[in-house]
Amino acid sequence: MLLAAIGDLVLDITIAPHGELRTNDDTPAAIRVGGGGQAANFCAWAASLGERSRLVTRVGDDDAGRRLEAELEAGGVEVHAVRAAEPTGAIAVLIGPGGERTMATQRGASVGLRRDDLRPEWFVGVDLIHVPAYSLFREPLATAARTAVEMVRLGRGRVSVDLSSVAGLVDYGPARLGAAGCIVCGRRIASPAADVVDPTGAGDAFAAAFCIAIVSGEGPQRAGEHAVRVAAAAVAKVGARPA
């Protein structure tokens, strides 16, 4: 099985304060710098679950971009990264006491991926391509994403679109409910109990697990059950990627 994703590969700076933030003062915190981006996270989780995965992205011609690409490749992801003059994107994630997140985003080079940057061979043999909603919001990335989808469909591959940022547009399929689990085809699936440390990337873990199960021939209900278990493991650690 080969899963692909097109979109963002960015630097995540996760900050989990040890207590309430104090204005004009220092607050002790656990701070982690690592890879992020929905498309990249999806591929990282797919690889960790034992499947081949391929990321098509755009990063800056800088140390951050090279580090992030190497990190993914070390985790088993095949990366096709177009180098750009703009800096690699970054996201600062502030974790609240209940696991809630506040994010400040600089998308950087990722949104500049163009249709002409794509190579047909990147999409040969892809069983499913995953497209985060963010990949459809900004040009020229949106046109590149649609072109990638067309190429995968020509090879009879499937398409997954993560509409987490545009809730309410989908009448069926998996709807994530966070700690409450998910709803698949109108049926609710409970999530295993988990101590929420950091929910960043849990949705991407869910998406990867769900897509793998569907491509493997599982029905939506079984796919949802598998996905909530993987997502529950994802929230129990700091960072958006597998340990």
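So that you can map any letter, position 180 of the sequence shown is 195 in the working numbering, and since no number is skipped, the others follow by simple counting.
Backbone N, C-alpha and C fix where the C-beta goes; we use that ideal spot for every residue, glycine too.
State the start and end residues of the unbroken alpha helix (DSSP H) segment that holds E84. First-last of the alpha helix (DSSP H) with E84: D78 to A89.
Could you tell me which of W137, L156, R122 and G65 sits nearest to D27, measuring between CA atoms? Considering only alpha carbons, the answer is R122.
Would A31 pass as an interface residue toward chain C - the criterion being a Cβ-Cβ separation below 8 Å? This model lacks chain C altogether; it includes just one protein chain.
Three-state secondary structure assigned by DSSP to H241: H241 falls in the helix class under three-state DSSP.
Do you know offhand how far R40's Cα is from A251's? For the sequence presented, residue 40 should be read as Asp rather than Arg. About 29 Å.
Segment limits, alpha helix (DSSP H) that includes E161: Correcting the residue type first, residue 161 is Arg in the shown sequence and not Glu. Its alpha helix (DSSP H) spans residues L156 to L169.
Among I144, V25, E88 and A105, which has the Cα closest to the Cα of L17? Checked all of I144, V25, E88 and A105; the closest Cα to L17 is I144.
Using 8 Å as the threshold, is the C-beta distance between L83 and V74 below it? Yes. Within cutoff.
L36 burial status per 10 Å Cβ neighbour count (16 or more: buried): By the neighbour-count criterion, in which 16 or more other beta carbons inside 10 Å mark a residue as buried, L36 falls on the exposed side.
Compare the beta carbon distance of G104 and Q53 with 8 Å and say whether it is the shorter of the two. Contact: no.
Using the C-alpha atoms, what's the distance from Y149 back to P235? Their backbone Cα atoms lie some 24 Å apart in a straight line.
Any idea what DSSP makes of P214, helix, strand or coil? The DSSP-derived three-state label of P214 is coil.
Per DSSP, cross-strand counterpart(s) of H145: Its beta-bridge partners are A20 and S175.
CB-CB under 8 Å to A44, same chain, minus the five flanking residues each way: which ones, in chain order? Result list for A44: I30, A31, P32 and H33, in chain order.
Quick check on DSSP: helix, strand or coil for R116? Strand, per DSSP.
Boundaries of the beta strand (DSSP E) in which A96 is found, first to last residue: A96 -> beta strand (DSSP E) spans V92 to A99.
With 16 as the cutoff for other CB atoms within 10 Å, does A119 come out buried or exposed? Under the 10 Å beta carbon count, A119 is surrounded by fewer than 16 other beta carbons and is classified as exposed.
Helix, strand or coil, according to DSSP, for R130 in the structure here? In this structure, R130 counts as helix in the three-state DSSP scheme.
With DSSP as the reference, label D219 as helix, strand or coil. Three-state result, D219: helix.
What residue from I227, D78, S231 and A85 has the CA that sits closest to S260's CA? It is not possible to answer for residue 260, since the shown part of the chain is limited to 16 through 258.
Roughly how many whole angstroms lie between the Cα atoms of A182 and D219? Here the model assigns A182 a pLDDT of 45, short of 50, so the residue's position is not dependable and the matter cannot be decided.
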